[in-house]
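Under my numbering, the sequence shown has 174 at position 142, and the numbering climbs by one with no breaks.
By construction, the Cβ of each residue, glycine as well, lies at the ideal position given by its N, Cα and C atoms.
Structure first, then comments.
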Amino acid sequence: MPTLTFLGAAGTVTGSKHLLDLGSHRVLVDCGLFQGLKELRERNWRSLSIPPAAIDAVILTHAHLDHCGYLPRLVSDGFQGRVFCTGGTRDLCSLVLPDSARIHEEDARDANRGGYSKHHPALPLYTSGDAARALALLQPVGYDRPMPVVPGLEVEFLNAGHLLGSAFARVTLSDKTILFGGDLGRYGRPVMRDPVGVDAADVLLVESTYGNRLHEPDDDGAGLAAIVNGTVEREGRLIIPSFAIGRVEEVLYAIKRLEDEKRIPELPVFVDSPMAAAALQFYENRVHELDEELKPAARNVSAFATRRMTTVESPQQSMEVAASRRPAIVIAASGMATGGRVLHHLAATLPSPSNTVLFVGFQAAGTRGRKLIEGAKEVRLKGRDVPVAARIEHINSMSAHADAAEIMRWLSGFSRPPAMTYLVHGEPAALGALHARIQTELHWPVHTAAHEERVEL
Ligand SMILES: [Zn+2]
33 MPTLTFLGAA GTVTGSKHLL DLGSHRVLVD CGLFQGLKEL RERNWRSLSI PPAAIDAVIL
93 THAHLDHCGY LPRLVSDGFQ GRVFCTGGTR DLCSLVLPDS ARIHEEDARD ANRGGYSKHH
153 PALPLYTSGD AARALALLQP VGYDRPMPVV PGLEVEFLNA GHLLGSAFAR VTLSDKTILF
213 GGDLGRYGRP VMRDPVGVDA ADVLLVESTY GNRLHEPDDD GAGLAAIVNG TVEREGRLII
273 PSFAIGRVEE VLYAIKRLED EKRIPELPVF VDSPMAAAAL QFYENRVHEL DEELKPAARN
333 VSAFATRRMT TVESPQQSME VAASRRPAIV IAASGMATGG RVLHHLAATL PSPSNTVLFV
393 GFQAAGTRGR KLIEGAKEVR LKGRDVPVAA RIEHINSMSA HADAAEIMRW LSGFSRPPAM
453 TYLVHGEPAA LGALHARIQT ELHWPVHTAA HEERVEL
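In structure tokens, the structure reads:
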């Protein structure tokens, strides 16, 4: 009897890892990092319940670190098999895995320098070399093409509409199909396609991130246009802290559309993040996998380039952009203003009431972004306290995850209920709310997965 073990994203939103054990072979679906609270991050350092060398293959649903960021550690601990994913996921992994390794290496170096680690010396979770070895194992597969993974197991990737390359992994065994939902995208959004409808699976795993919430309704760009125009009237600069992959494309596309419709003036737009610039190129190359309306009218027209856009490469060029006082839009990472080049743009713009800082994503507790949207009068940046006189705005409708109504809409596409639906990738309140809705509205058998729980298929 094949079994499924939940090694991550069970009762929480990070660390996605689901182990399929066929007896003869073992396949890990997603290989994500635990992130956030310390007690979760510490799980990254504990051995898996199975030696990585005993895993024959890995399947990745998408390139967010909470789904792929543990892969270099799996490799350094002995995994040698192939890693199946879409081409878009391979592209984005080539950016995020080396970047993650670099951050782990810097953290270890800082801990050794500061002497604040209980380990001597502090070691990184994995190195740049491990990330490079992990990338060499990636085996890109097109959407909608069943591919043998190990004897008796095939995978097919279906577009999940959540990020470039994102997929549901439909795994077929000899007598049943298991649909790993990965992260579920949204309906009717710019840039990404709607998630593909699925009409049957014997076993289903579905994410529950927003299982108890609804996103703000779309305002057709009215809020963004008002923020840009207000900043222009004050002759100020607009700084948009943004996650480097996915969100940058959505923001650029929204600005370009407002320019095309003459609802805002054509301002200089600086994309100040080397990773964002590289990701943008991958989005351009795979525009046929994105929303139909992105197909360019003419071949030389980019789907994302605003009229006066510049991608900023060198740190020196970035400092020059930050030093300028001319009206402009600057998009820079990180999205919650916890690090990255956005910090020196904030230091330069926060003290003046002419400027605006616009947050476009969820701001977690404890981050600078959260402090700013909650009205902090001063924030600490690069070792000094910076007064906040700029306008602080927040548009929260650009989530890449389906909300509760969208999850239910996707589930309602099934023509028969799965024999079992497992809820993963959610906090307890969201899991509980979605569990209740699936029971009362769909009358499906449903189970909320527990960490390290093993079930028979
Ligand atoms: Zn994701």
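8 Å contact criterion, which residue i and residue j should meet: CB distance rounded
i	j	result
R58	D88	6 Å
W442	L216	6 Å
H50	L299	Wrong, their Cβ atoms sit about 45 Å apart, outside the cutoff.
A481	F38	4 Å
A276	A360	Wrong, their Cβ atoms sit about 19 Å apart, outside the cutoff.
G458	G243	5 Å
L404	V392	Their Cβ separation, rounded to whole angstroms, is 13 Å, which puts L404 and V392 out of contact at 8 Å.
I272	V362	7 Å
S240	L466	5 Å
L36	L52	6 Å
C117	P172	6 Å
V374	T343	Actually they are not in contact, since the Cβ atoms of V374 and T343 sit about 15 Å apart, beyond 8 Å.
S305	G367	Contact doesn't hold; Cβ gap of about 10 Å is too wide.
Any non-hydrogen atom of ligand 1 within 7 Å of residue i CB
i	result
L195	yes
H96	yes
D109	no
H151	no
D62	no
D88	no
D142	no
H99	yes
D215	yes
C-beta contact flag for residue i and residue j at 8 Å
i	j	result
V63	L124	For the sequence presented, residue 63 should be read as Cys rather than Val. No.
G197	G119	yes
D417	M307	no
N76	Y102	yes
G193	D226	yes
K288	F336	yes
A166	P156	no
A369	L378	yes
V128	L169	no
L195	A95	yes
F66	T46	yes
G55	A85	no
H483	G68	no
R469	M440	yes
L256	L312	no
D142	S108	no
DSSP beta-bridge partners of residue i
i	result
L237	F212 and Y454
G262	Paired residue(s): none; G262 is not in a bridge.
H50	F38 and V61
F391	H426
M179	V187
C117	P172
T204	E186 and T209
P273	A364
R416	L413
M224	None; M224 has no bridge partner.
P300	R340
Y242	D435
Buried versus exposed call for residue i [16 or more other C-beta atoms within 10 Å across all chains shown]
i	result
A436	buried
Q395	buried
A380	buried
H320	exposed
R202	buried
P450	buried
M519	Residue 519 cannot be examined here, being either before or after the span of the chain that is shown, 33 to 489.
S274	buried
R448	exposed
R177	exposed
R269	buried
R400	buried
D292	exposed
S206	exposed
A461	exposed
R221	buried
S81	exposed
T453	buried
A133	buried
T263	buried
G146	exposed
L284	buried
S444	exposed
D251	exposed
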